[in-house]
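Colleague: Structure provided below as structure tokens; questions to follow.
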DNA sequence: CGCCCCGTTGACAAATATCAATATTTGTGG
DNA sequence: CCACAAATATTGATATTTGTCAACGGGGCG
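Protein chains in written order, with my numbering: chain Y, 396 to 671; chain V, 396 to 671.
And the structure:
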């Protein structure tokens, strides 16, 4: 007997115990209908916090499956400023490109120690030929990422700083939590600094600080030294000005087909209530 | 003999003459390798300028293929403000959802008279079973949309008003032009108002106006009453602060496989030079 | 123990929004 | 072709939000 509780954390190579399998490309495997992409996997990659999976403008042939850790997709400006485009959580597919010659338009950085498994493009093509549902799954994942981007666009384009920061924290909380259904968490460790929050919301680190102090003063959320505590879930939902329709992409993408599914609203309510 | 030049404009139902076929889901057909989605098409839809394809929060079972006209994907805020998420040009796939129960997170409005063909979800699944490449094509299209969103996020989050407006105009010019390779245009009719530009760039219509007047004063671009003229392409590229890596998603997605392809830089240069 | 990254705070500057009035263009009907 | 209405663009004065710069504090980690 090698382990009990922490197995999925310490042995990322083992597909059967992979934590990322709850979501992402391999989610279908859980339904016992489809062959696991395991056979098509080539190598694993481990990075330390701060290292890049790849930089902007590179080409490479395949996709990375984020197994453990958080990553940030970002672009850099000439003057050194940065825009974070997306936070990738375990299960994320990283680096899919329309064709093998295309260069990436963004860089990807590990926000904490992270592990990936890599599927070469050729293998992906073979995998899809064998099992077209995988390609539809991939399309769904890309589509969900797009929806997340749409949410961020609305947030950055039309919301106030207070609303943007609130929305980001709520989003990450819900996305993180939806990976462990039934697991109640009151407090969440996030590998974020106020600077990173600013880079994601189109604000300055300094201004994020001001907003966070306000939110704490008002008893809504507390974020200090990478520790998030949600003090008043209902108020947070309210101040984040969430369009309920935008919620769907935050929770895990389900396989199409069987089963009833609760709408997004109760899920949000449950998710946030759990933290109170 | 029914026609000569304008055939593709007036007979949208005819797949063989469809203008959208240069891009989008049916692009593979041109390579004569794959069966046309035509057999799986269900119905056509025609809209007048200003009408909605669908609103936020709706569900529907299938995808729309934009054949003719421009559309805007948008979200609305409580107070009536709007954020435009994406402009869809002919060839765009509209309304793909991860599963059949998902509700849309955005609305889609026709910016001019537009026609679509509709492919029901069931047919799409059958089509993919028959030809998995279509699913990969769909994933590529979603991925490209995501990349476009990433570009907009960087623009809205970190660029000045002047840069944002310049970049949007340049993007639309290049995307439009890449649909007619070899066709030189000096002047482009766009179904946009300054208000629309503001909604897309996270600015106010009034402020967009001020920026446009500046750009005209500086001899860079002229945009008045839906007519875009690029006066100095090089300056425009410069002021738009385009990250060259972000350019790839602007030009048509090519089918993977054969053929050499020029990098994005010369394409941009050619595209913009043509307008001078 | 001490360093360094991160967070905190204040004064001030810059960019953009808001409000309101007026001008121009487009499209429509006669 | 003209007149008119509606939509869109233009401009100025002022308000608000957010950024910039600079200094200081505090906590974790070697």
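Here a beta-carbon is modelled for each residue, glycine too, at the ideal position from N, C-alpha and C. Because the structure is a prediction, the values reported are computed rather than measured.
1. Reducing DSSP to helix, strand and coil, say where residue 453 of chain V ends up.
2. Let me check understanding here. Comparing Cα to Cα, which of Y:450, Y:588, Y:515 lies closest to residue 471 of chain Y?
3. Can you check the region 504–534 of chain V for any alpha helix (DSSP H) of at least 4 residues that lies completely inside it and give the ranges in chain order?
4. Quick check: what's the CA-CA separation for residue 568 of chain Y versus residue 484 of chain Y?
5. Bridge partners of residue 440 of chain Y, per DSSP?
6. What residue does the alpha helix (DSSP H) around residue 584 of chain Y start on, and which one ends it?
7. Tell me the DSSP secondary structure of residue 571 of chain V in three-state form.
8. Along the region 430–458 of chain V, what residues have a CB closer than 7 Å to any CB found in chain Y?
9. When the distance is taken between beta carbons, is residue 467 of chain Y closer than 7 Å to residue 506 of chain Y?
10. Residues of chain V with CB under 7 Å from residue 565 of chain Y, in chain order?
11. Report the rounded CA-to-CA distance for residue 409 of chain V versus residue 416 of chain V, giving the unit in angstroms.
12. Is any beta-carbon of chain V found at less than 7 Å from that of residue 513 of chain Y?
13. Between residue 585 of chain V and residue 541 of chain Y, how many whole angstroms is the CB-CB distance? I'm expecting something under 8 Å.
14. Just checking my contact of residue 551 of chain V with residue 588 of chain V at CB under 8 Å: how many whole Å lie between their CB atoms?
15. Which first and last residues belong to the beta strand (DSSP E) in which residue 414 of chain Y is found?
16. Using a C-beta cutoff of 7 Å, does residue 574 of chain V count as contacting chain Y?
17. Per DSSP, which one or two residues make a beta bridge with residue 622 of chain Y?
18. Between which residues of its own chain and residue 436 of chain V is the CB-CB distance below 6 Å, once the five residues before and five after are set aside?
19. For residue 599 of chain Y, name the three-state secondary structure that DSSP assigns.
20. Give the residues of chain Y in contact with residue 527 of chain V, contact being defined as C-beta atoms less than 7 Å apart.
21. According to DSSP, is residue 477 of chain V part of a helix, a strand, or is it coil?
22. Distance check for residue 463 of chain V and residue 401 of chain V, CA to CA, integer angstroms please.
23. Whose CA, out of V:526, V:494, V:635, V:556, lies closest to the CA of residue 434 of chain V?
24. Going by C-alpha distance, which of Y:521, Y:645, Y:583, Y:629 is nearest residue 619 of chain Y?
25. In chain order, what residues of the same chain have a beta carbon less than 6 Å from the beta carbon of residue 477 of chain V, not counting five sequence neighbours either side?
26. Residue 482 of chain V versus chain Y: which residues are under 7 Å apart at the beta carbon?
27. Identify the contact partners of residue 547 of chain Y in chain V, using a Cβ-Cβ distance below 7 Å as the criterion.
28. Residues of chain Y with a CB under 7 Å from the CB of residue 544 of chain V: which are they?
29. Where does residue 606 of chain Y sit, in a helix, a strand or coil, going by DSSP?
30. Please tell me whether residue 537 of chain V has its Cβ less than 7 Å away from any Cβ of chain Y.
31. Where do the ends of the alpha helix (DSSP H) carrying residue 631 of chain Y lie?
32. Can a CB atom of chain V be found closer than 7 Å to the CB of residue 657 of chain Y?
33. If I measure Cβ to Cβ from residue 440 of chain V and keep anything under 8 Å in the same chain, skipping five residues before and after, which residues do I get?
34. Counting contacts by CB-CB distance shorter than 7 Å, is residue 475 of chain V in contact with chain Y?
35. Are the C-beta atoms of residue 491 of chain V and some chain Y residue less than 7 Å apart?
36. Going along chain V, which residues have a C-beta under 8 Å from residue 478 of chain Y?
Modeller: Put simply:
1. Coil, per DSSP.
2. Residue Y:450 is the option with its Cα nearest to residue 471 of chain Y.
3. Under the rule that a run must span 4 or more residues, the alpha helix (DSSP H) segments found entirely inside the region 504–534 of chain V read 516–525.
4. Roughly 11 Å between the two C-alpha positions.
5. Y:511.
6. It is not in any alpha helix (DSSP H) - residue 584 of chain Y instead sits in the beta strand (DSSP E) that spans 582–584.
7. Here DSSP, grouped into helix, strand and coil, assigns residue 571 of chain V to helix.
8. When CB distances to chain Y are screened at a threshold of 7 Å, the residues of the region 430–458 of chain V falling below it are 451, 452, in chain order.
9. Taking 7 Å as the cut-off, the Cβ atoms of residue 506 of chain Y and residue 467 of chain Y count as close.
10. From the beta-carbon of residue 565 of chain Y, no residue of chain V is found nearer than 7 Å; the closest lies around 16 Å away.
11. Spanning the alpha carbons of residue 409 of chain V and residue 416 of chain V requires a straight line of approximately 11 Å.
12. No, no contact with chain V.
13. Actually they are not in contact, since the Cβ atoms of residue 585 of chain V and residue 541 of chain Y sit about 23 Å apart, beyond 8 Å.
14. Not really, about 19 Å apart at Cβ, beyond 8 Å.
15. Per DSSP, residue 414 of chain Y is not a residue of any beta strand (DSSP E), being assigned neither H nor E.
16. The beta-carbon of residue 574 of chain V is placed no less than 7 Å from the nearest beta-carbon of chain Y.
17. Note: residue 622 of chain Y sits in a beta bridge opposite Y:584, Y:619.
18. Same-chain partners within the cutoff: 512, 514.
19. Three-state DSSP puts residue 599 of chain Y in coil, outside helix and strand.
20. By Cβ distance, chain Y contributes 523, 524, 527, 530.
21. Of the three classes helix, strand and coil, the one that applies to residue 477 of chain V here is strand, per DSSP.
22. A caution first: residue 401 of chain V carries a pLDDT of 34, below 50, which makes its placement in the model unreliable, though a value can still be read off. Counting only the Cα atoms, residue 463 of chain V lies some 13 Å from residue 401 of chain V.
23. It is V:526 whose Cα lies nearest to the Cα of residue 434 of chain V.
24. For residue 619 of chain Y, the nearest C-alpha among the options comes from Y:583.
25. Excluding five sequence positions before and after residue 477 of chain V, the CB atoms of its chain that fall closer than 6 Å to its own CB belong to 469, 471, 594, given in chain order.
26. Those do not exist, as residue 482 of chain V stays about 13 Å from chain Y at its closest Cβ, beyond 7 Å.
27. Taking the beta carbon of residue 547 of chain Y as reference, the chain V residues within 7 Å of it are 548, listed in sequence order.
28. Within chain Y, 541, 544, 545, 548 have C-beta atoms less than 7 Å from the C-beta of residue 544 of chain V, given in sequence order.
29. In the structure shown, the three-state DSSP call for residue 606 of chain Y is helix.
30. Yes, contact with chain Y.
31. For residue 631 of chain Y, the enclosing alpha helix (DSSP H) has its first and last residue at 628–634.
32. Legend: pLDDT at residue 657 of chain Y = 38, less than 50; position of this residue unreliable, value from coordinates given subsequently. Residue 657 of chain Y does not count as touching chain V.
33. Here the set comprises 448, 459, 510, 511, 512, 513.
34. No, no contact with chain Y.
35. Taking CB atoms only, residue 491 of chain V has a neighbour in chain Y less than 7 Å away.
36. Neighbours of residue 478 of chain Y on chain V, chain order: 548, 549, 552, 553.
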